[in-house]
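Same order as they appear, the protein sequences are chains B and V.
Using our numbering, you'd call the opening residue of the first sequence number 1 and step up by one each time.
Using our numbering, you'd call the opening residue of the second sequence number 543 and step up by one each time.
Cβ atoms here follow ideal geometry from the backbone N, Cα and C, with glycine treated the same way.
Being a predicted model, the structure only gives us computed values, none of them experimental.
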Amino acid sequence: MFAMVIETTNPSLLYSMPHWSLPFWWIGTVLILSVFGFAGALLLTWLKTHSAARAFQLTVKALFEGLIEIVTLPAGCSRIFALAKLSFREAIRRRILYVFFLFLIPFLFAGWYLPNSPEGQLRFLVAFVNGAISWLLIPLSVFLVSMSLPTDIQQHTIYTVVTKPVRRLEILVGRILGFMGIFTLVLLIMGGVGLIYLRGQSDATVRQSQWTARVPIYATAPEDVTTANELKLPLMFYKKGQLQAQGTNVGKEWAYRSHIEGATSDSAHWFFQFDPSQFQNREEVPVELTFDIFKTTKGDPTRPGAEESGVWCLLRFVDRKTGETVFDRTFRVNNNRGNVVYVPAKAFASGNVEVIAQCLTRNQFLGMAPADLYLLADERTFEGNFLKGLVTIWLKILLLTCVAVTASTFLKGFVTILFTFMVYILGFFHDFMIGIVTGQVRGGGPLESSIRLFTQNNQVTDLDPNFFNRIALGVDMLLLELMRALAYIIPNLTLLDTAEFVASGFDIPWALLLRNALFVIGYVVPVVIFGYFVFKNRELAA
Amino acid sequence: MTTDAVIETRNLTKVYRDFWGRKKVDALKSLNLTVQRGEIFGLLGPNGSGKTTSIKLLLGLLFPSNGEALVLGKPASDVAKNERIGYLPEESYLYRFLNAEETLDFYGRLFDISGKERRKRIDSLIQQVGLNRARKRVLKEYSKGMTRRIGVAQALINDPELILLDEPTSGLDPLGTREMKDLIRSLRDEGKTVVLCSHLLADVQDVCDRIAILHQGELKELGRVSDLLSIQDMTEIKVGGLSDEAKEEIRQVVARHNGNLVSMGHPSTTLEDLFLKIIRESEAHPGRRYLPEREGEQPTEPPVSSN
Ligand SMILES: Nc1ncnc2c1ncn2[C@@H]1O[C@H](COP(=O)(O)OP(=O)(O)O)[C@@H](O)[C@H]1O
Ligand SMILES: [Mg+2]
Numbered sequence: 001m002f003a004m005v006i007e008t009t010n011p012s013l014l015y016s017m018p019h020w021s022l023p024f025w026w027i028g029t030v031l032i033l034s035v036f037g038f039a040g041a042l043l044l045t046w047l048k049t050h051s052a053a054r055a056f057q058l059t060v061k062a063l064f065e066g067l068i069e070i071v072t073l074p075a076g077c078s079r080i081f082a083l084a085k086l087s088f089r090e091a092i093r094r095r096i097l098y099v100f101f102l103f104l105i106p107f108l109f110a111g112w113y114l115p116n117s118p119e120g121q122l123r124f125l126v127a128f129v130n131g132a133i134s135w136l137l138i139p140l141s142v143f144l145v146s147m148s149l150p151t152d153i154q155q156h157t158i159y160t161v162v163t164k165p166v167r168r169l170e171i172l173v174g175r176i177l178g179f180m181g182i183f184t185l186v187l188l189i190m191g192g193v194g195l196i197y198l199r200g201q202s203d204a205t206v207r208q209s210q211w212t213a214r215v216p217i218y219a220t221a222p223e224d225v226t227t228a229n230e231l232k233l234p235l236m237f238y239k240k241g242q243l244q245a246q247g248t249n250v251g252k253e254w255a256y257r258s259h260i261e262g263a264t265s266d267s268a269h270w271f272f273q274f275d276p277s278q279f280q281n282r283e284e285v286p287v288e289l290t291f292d293i294f295k296t297t298k299g300d301p302t303r304p305g306a307e308e309s310g311v312w313c314l315l316r317f318v319d320r321k322t323g324e325t326v327f328d329r330t331f332r333v334n335n336n337r338g339n340v341v342y343v344p345a346k347a348f349a350s351g352n353v354e355v356i357a358q359c360l361t362r363n364q365f366l367g368m369a370p371a372d373l374y375l376l377a378d379e380r381t382f383e384g385n386f387l388k389g390l391v392t393i394w395l396k397i398l399l400l401t402c403v404a405v406t407a408s409t410f411l412k413g414f415v416t417i418l419f420t421f422m423v424y425i426l427g428f429f430h431d432f433m434i435g436i437v438t439g440q441v442r443g444g445g446p447l448e449s450s451i452r453l454f455t456q457n458n459q460v461t462d463l464d465p466n467f468f469n470r471i472a473l474g475v476d477m478l479l480l481e482l483m484r485a486l487a488y489i490i491p492n493l494t495l496l497d498t499a500e501f502v503a504s505g506f507d508i509p510w511a512l513l514l515r516n517a518l519f520v521i522g523y524v525v526p527v528v529i530f531g532y533f534v535f536k537n538r539e540l541a542a
Numbered sequence: 543m544t545t546d547a548v549i550e551t552r553n554l555t556k557v558y559r560d561f562w563g564r565k566k567v568d569a570l571k572s573l574n575l576t577v578q579r580g581e582i583f584g585l586l587g588p589n590g591s592g593k594t595t596s597i598k599l600l601l602g603l604l605f606p607s608n609g610e611a612l613v614l615g616k617p618a619s620d621v622a623k624n625e626r627i628g629y630l631p632e633e634s635y636l637y638r639f640l641n642a643e644e645t646l647d648f649y650g651r652l653f654d655i656s657g658k659e660r661r662k663r664i665d666s667l668i669q670q671v672g673l674n675r676a677r678k679r680v681l682k683e684y685s686k687g688m689t690r691r692i693g694v695a696q697a698l699i700n701d702p703e704l705i706l707l708d709e710p711t712s713g714l715d716p717l718g719t720r721e722m723k724d725l726i727r728s729l730r731d732e733g734k735t736v737v738l739c740s741h742l743l744a745d746v747q748d749v750c751d752r753i754a755i756l757h758q759g760e761l762k763e764l765g766r767v768s769d770l771l772s773i774q775d776m777t778e779i780k781v782g783g784l785s786d787e788a789k790e791e792i793r794q795v796v797a798r799h800n801g802n803l804v805s806m807g808h809p810s811t812t813l814e815d816l817f818l819k820i821i822r823e824s825e826a827h828p829g830r831r832y833l834p835e836r837e838g839e840q841p842t843e844p845p846v847s848s849n
């Protein structure tokens, strides 16, 4: 068994349910945006009617009519179904779906690049299958959806539809449902093919060890213990007689893992709180861990016995209710593959356990992060987990479909495609955008950083306050404000990525899936409603 | 106005503007019209005179720049009125990947009709427009005339009270034209109201009860077809079964009045004559309502209402 880790500084967050305040944030944001939308509509109507009073009257009327239509949407379900079926049929009859067979081509060649190491292999294959699905399905769906409504308008087929008792919102919703029907079908077929392929391509050893979905129990910050500077953390380090947030910095550039020194009193402490009843009928519980080994003295690796001696670790399990050590084990640390320690289930009877690790080998350091050690509560099927991964892709497609449908209510087909892709790409740079607007990313706005790049100026000193640079900084201010607004409107698509779980054999937490679903629904509902207001007040024959 | 008005427009005006709001075309200028329940009303005018624009305004496909339109007592922008309206667009803009049955099924589902009723109507409409042999073929393969027919069937799927037909006979062969006219008359006989627009004078002359003539977005003439086409200073008499003495007597009467009897009655001009006359008149005096050479009997402005 190879232990694997999800790299995150606070793994228990993955399993936490949405915070209770979330709906309020959502409502607040939507309200603020609605006010902006209303003001924009008012302004446009004013420009058209040249009368503020009339514009106000018209806009309020449109708002109320719209709200009524939104509330009564379910009454139109038979019409929505008919429209959905139309979109579904359209995609099928136009034979666009054949393009999806392109998806099979890369599979013929993937084998060439297959890594040799077993843990690398499945990771590669899963990334590959997920990539093949995303990279084909997403552009194609954006293309299909973006062209749909504009084509209807341009070819006037929309005339015969809107002159029936169809509400405009039904047209949008029907379209989204129809397309999502197609995409679901295609996604399932692709997923099925991908899964068969994964099975066929992976080695027997991989299938034994990685073909699974681990359900880990991660350490959580305890209520009653803090570090010396009063931080509550799931993993704390004991150093110089104190609990601390960090261990020893061994000067590795990537400080994700913190180290403890061998043959000292330094130790690492994980705190576990869980429901012990889940282990009632179990003999033992596997504890999986992956530690990084850092050697200060290089030693002579060719010296006989150097490999065998290795780095040793002592793991102690302390029941925090009684304070007794309930289990301990000394073992040699595997650098890459990690270790599994089988602990008798009765050690976890209290549901409140501290795990203490010490490095026993002199001049060696062990590096560890909160998610590096976990109790393996359960193992689920790889297939089921793979399906959960598809759900995430599905959510992403839903989001893009809704964005495209909304954009296509006021943009031409081609522009809609560009627009939707822009949202998609910016969505991946969401963290970066937030970083820039909150000043965490050095180098300033777009123009300033271009100037720095051009003049080979470093990122820390201020620019010359010459005329040109001042203008550039002024423009940057505006651009930054724009980006700030964008950062609130563009969806953070990095959230919608769960392939890593599937690839490393961890069960995708339901809580994460739920939060993703809420995020997407919370995003698309206002987006589609915005599109509806635009569409309803658009002259379709002009 | 009377409660039986199915369509009422007041100062209905449409200016097409470009993206920046600059004026492109004055497509319709202050149209006042009333269409009564149960009549066949024709909108007549040369290409580009604003017929299609008027119909689109009535359907809410366009928003008026000024004025308003009431259709079945509701504002044109109200979706609910569409329950009782059928519309055949200028060209049948339908989904070309569907076949005839699927097309009617799709449009039928947009109404509150039971599945059974829908299937019944689909069958009878396909028969009625003569597409029985092509009912399983996709519209892509249809000829223009066939497309027109399925377009009409689509407009009638909800058994509408008011039917708006934009150039219903365009693309049809003479037989098809004939059938279309018969269909329109039979719709009136069922008590429905039909508004059609056309530049084909013969169609309008045959079937319409009343017509409005548009030119460059202005209403030029409005009235009953029979009235518009009668020549008031001529009398036409056609009598059967008169004795020779009686005929002689009539001739004498005519001679006494210095008449020259050709035949008796009001002979009709063709609509084409009237039409050309109006257009010439209109070009000579732009912006003025057509004044027929009938002595002091027609109001000039404003052209409200009906006979
Ligand atoms: N979408 C449009 N944009 C700009 N001008 C238009 C548009 N549709 C029609 N027009 C113009 O409006 C006038 C009336 O057109 P239309 O109502 O289609 O005439 P008709 O149906 O009587 O042939 C024409 O001059 C036409 O060019
Ligand atoms: Mg026309």
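- Put simply, the backbone Cα of B/Tyr197 is about 41 Å away from that of B/Lys295.
- Note on the region 600-658 of chain V: whole beta strand (DSSP E) runs with a minimum of 3 residues are 608-613, 627-630, in chain order.
- Residues of chain V whose Cβ lies closer than 8 Å to the Cβ of B/Tyr197 do not exist, since the nearest Cβ in that chain is about 33 Å away.
- At least one C-beta of chain V is nearer than 9 Å to the C-beta of B/Ser78.
- Per the C-alpha coordinates, the member of B/Ala542, B/Leu104, B/Asn229, B/Leu42 positioned closest to B/Leu243 is B/Asn229.
- V/Thr576: member of the beta strand (DSSP E) spanning 565-578, first to last residue.
- Chain V places a beta carbon closer than 9 Å to that of B/Phe81, counting this residue as a contact.
- A straight-line Cα-Cα distance of about 16 Å links V/Asp751 and V/Leu742.
- Here DSSP, grouped into helix, strand and coil, assigns B/His430 to helix.
- Going by DSSP, B/Cys402 is part of no beta strand (DSSP E) but of the alpha helix (DSSP H) stretching over 382-407.
- Counting only Cβ-Cβ distances below 7 Å, V/Pro631 has contacts in chain B at His156, Tyr159, Thr160, in chain order.
- Using a Cβ-Cβ cut-off of 9 Å, B/Lys412 does not count as an interface residue toward chain V, since no Cβ of chain V sits closer than that to its own.
- Proximity to V/Ile549 across V/Gly587, V/Val557, V/Pro617 peaks at V/Pro617, based on C-alpha coordinates.
- Between B/Ile153 and B/Phe88, the beta carbon gap of about 20 Å keeps them out of contact (Cβ cut-off 8 Å).
- Classified as exposed, V/Ser685 has fewer than 16 neighbouring CB atoms from the shown chains inside 10 Å of its CB.
- Two segments are said to touch when three or more pairs of C-beta atoms, one from each, lie closer than 8 Å; by this definition the region 33-52 of chain B does not touch the region 254-266 of chain B.
- The DSSP assignment places 352-359, 364-368 as complete runs of the beta strand (DSSP E) inside the region 347-377 of chain B, in order along the chain (cut-off: 3 residues).
- Relative to ligand 2, the beta carbon of V/Thr594 is positioned inside 8 Å of a heavy atom.
- Beta-bridge analysis with DSSP links B/Val285 to B/Val343.
- The nearest non-hydrogen atom of ligand 1 is less than 8 Å from the C-beta of V/Leu756.
- Taken from the Cβ of V/Cys739, at least one heavy atom of ligand 1 lies inside 8 Å.
- Boundaries of the beta strand (DSSP E) around B/Trp270: 267-273.
- If you keep only unbroken beta strand (DSSP E) runs of at least 3 residues inside the region 219-266 of chain B, you get 235-239, 242-244, 258-261.
- DSSP places B/Trp312 inside the beta strand (DSSP E), whose first and last residues are 312-319.
- The continuous beta strand (DSSP E) containing B/Arg214 extends over residues 213-217.
- Proximity of V/Arg564 to chain B, defined by a Cβ-Cβ separation below 9 Å, is not satisfied.
- With a cut-off of 8 Å on Cβ pairs, the region 71-80 of chain B is not in contact with the region 613-627 of chain V, counting fewer than three such pairs.
- For V/Asp708, the CB falls within less than 8 Å of some heavy atom of ligand 2.
- Taking 9 Å as the cut-off, the Cβ atoms of B/Arg538 and B/Thr406 do not count as close.
- The alpha carbon of B/Cys313 has as its nearest neighbour, out of B/Lys321, B/Arg329, B/Glu324, B/Thr322, the alpha carbon of B/Arg329.
- Looking at the DSSP output, V/Ile755 sits in a beta bridge with V/Leu586, V/Glu763.
- Between B/Thr226 and B/Lys239, the CB-CB gap reaches or exceeds 9 Å.
- For B/Phe143, the closest of B/Leu486, B/Ile436, B/Lys412 by C-alpha to C-alpha distance is B/Lys412.
- Taking a cut-off of 8 Å for Cβ pairs, the region 265-283 of chain B and the region 332-340 of chain B do not touch, as fewer than three such pairs fall below it.
- For a Cβ distance threshold of 8 Å, residue set Leu86, Glu90, Thr157 of chain B lies close to V/Tyr637, ordered along the chain.
- Within the model, the alpha-carbon separation for B/Gly522 versus B/Gly531 is close to 15 Å.
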